[in-house]
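First up is the structure itself, then whatever we jot down about it.
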Amino acid sequence: MFNGFLPSPRAEKDLVLSLWDTEGLSNPNQTRHHDISILRLSAYFSQVLIYNVKEMISSESMDKIQVFLEEMRTSGKSQTSKFQTLIIVVRDANQQFGYCWEGGGAYLNHIKSQGKPGKQTDVFFRELNDKFRSVLVFMMPPPNQKVKRKSTKITYMRDIEDQLFRESLRIFTRKLLHEIVQPGIVSGDVFRVCDLKPQLKMFAKKFQSREQPTSFTLANAIKEQHMAKEAKTCFQSYQRKLLEAQGWFQTEATRTKRHLELKHKALDNLRASTEGHYMEGRFVNAAIADLDKRLDERFKVYNHKAKKTQRIMWIAVGMIGAYALYWYRLL
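Residues in the sequence shown are numbered from 1 upward in steps of one, following UniProt numbering.
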């Protein structure tokens, strides 16, 4: 699993889906800061929480979700408006309870049956039922299982396990997008938290100043970041092709014509990159206007350098020609 946010195609209600990992970072302090940042964002913006654990739901997993529940209480969010569904994904799950949603249901019932009244497990699940409309568990089979010896039969069984893993992933995604999140969603761009460091810093300042950000603030920041990334790719492609066509003796009219051709192609590519990402016109128009300006500025620098180089080349050619003519006449 990974960290990310998935914007909703509905313009009037931006849905943000938060996916986050439990394994953390190499530095424990960074891991804690990372988790708290995501929890705060999740408590404000998400309608679905996906929690990723390895092999089993442990007491440590319960403690981390308790931190999230506390964040929900302090933020004043209720389950009627936020976090309608909690999904716990158990990676590398044991085949004892089966796989996918059916296996997750059996595993969840098993854990509940082990919890004694008043103990941590019992209190944990009672609080989950109070905060979430539904709690689901998905058992994900381990991919690429290791084998001790090689044989045709074992290799075949390993391929079957890989196929089971891929099919389980499809089952999980299909239910998530088409049934839990919003019927009709078929595509969308996923943004990793590590790609949103500027936005996370901005929200950290807002939390410290007790200013409450909105879902539109985060969604707009994500969309602006997406457009900036696509614009950078288009700009780099334009610059590379412009330099490829460089010629020492091109006329300025030829260079200008080439610039306009490449610029129009870059702007068209930027427009095409927004398809399927639910971008409002103002984000697209602003990014296109900014890229148009940057391309013109880049060509201005390129054209000035080309003219200067041409002048030097023509002077050099003229001097060589005059020198050759001088010696020709002497002879």
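Note that the Cβ used here is the ideal one computed from N, Cα and C, for glycine as well.
From a predicted model like this one, the values you see are computed outputs, not experimental measurements.
Check residue i in the structure and name its three-state DSSP category.
i, result
"residue 333", "Any answer about residue 333 is impossible in this case: the structure gives the chain only from 1 up to 331."
"Ile57", "coil"
"Tyr51", "strand"
"Tyr326", "helix"
"Gln114", "helix"
"Gln66", "helix"
"Arg126", "helix"
"Phe132", "coil"
"Thr251", "coil"
Rounding to the nearest angstrom, what Cα-Cα distance links residue i and residue j in this structure?
i, j, result
"Ala289", "Ile87", "42 Å"
"Leu267", "Lys229", "14 Å"
"Lys175", "Gly103", "15 Å"
"Asn52", "Met140", "10 Å"
"Asp21", "Leu49", "Only weak support is given to the placement of Asp21: the predicted model assigns it a pLDDT of 46, under 50, and the value that follows is read from those uncertain coordinates. Between Asp21 and Leu49, the C-alpha separation is close to 11 Å."
"Leu295", "Tyr302", "10 Å"
"Ala286", "Val90", "43 Å"
"Tyr326", "Ile320", "10 Å"
"Asp130", "Trp101", "22 Å"
"Leu128", "Ser273", "40 Å"
"Ile65", "Arg271", "41 Å"
"Phe125", "Glu224", "39 Å"
"Val147", "Met62", "Confidence at Val147 is low in this model, with a pLDDT of 39, below 50, so its placement is unreliable and no value can be given for it."
"Phe138", "Thr233", "37 Å"
"residue 372", "Arg282", "For residue 372 there is no data in the structure shown, the boundaries of the chain being 1 and 331."
"Leu164", "Thr256", "56 Å"
"Arg170", "Gln96", "21 Å"
"Ser231", "Lys300", "First, the residue type needs correcting, since residue 231 is Ala and not Ser in the sequence shown. Cα-Cα distance, rounded: 19 Å."
"Val317", "Tyr323", "10 Å"
"Lys305", "Ile315", "15 Å"
"Leu330", "Thr254", "40 Å"
"His264", "Gly105", "54 Å"
Suppose the cutoff is 7 Å on Cβ atoms and the five residues either side in sequence are ignored; what does the same chain contact list for residue i look like?
i, result
"Leu262", "Tyr238, Lys241 and Leu242"
"Lys112", "Phe125"
"Leu108", "Val137"
Taking DSSP's pairing of strands, which residues face residue i in a bridge?
i, result
"Asn269", "Per DSSP, none; premise fails for Asn269."
"Phe138", "Val89"
"Cys100", "Met139"
Cutting at 8 Å between CB atoms, please list the residues of its own chain near residue i, excluding the five before and the five after it.
i, result
"Leu260", "none"
"Phe235", "Ala266, Leu291, Arg294, Leu295 and Arg298"
"Lys307", "Glu252"
"His110", "Phe97"
Can you name, in chain order, every residue of its own chain whose Cβ lies under 6 Å from the Cβ of residue i, other than the five neighbours on each side?
i, result
"Glu55", "Asp92"
"Arg311", "none"
"Pro142", "Asp92"
"Tyr99", "Met139, Pro141 and Ser168"
"Phe172", "Phe138"
"Asn269", "Cys234"
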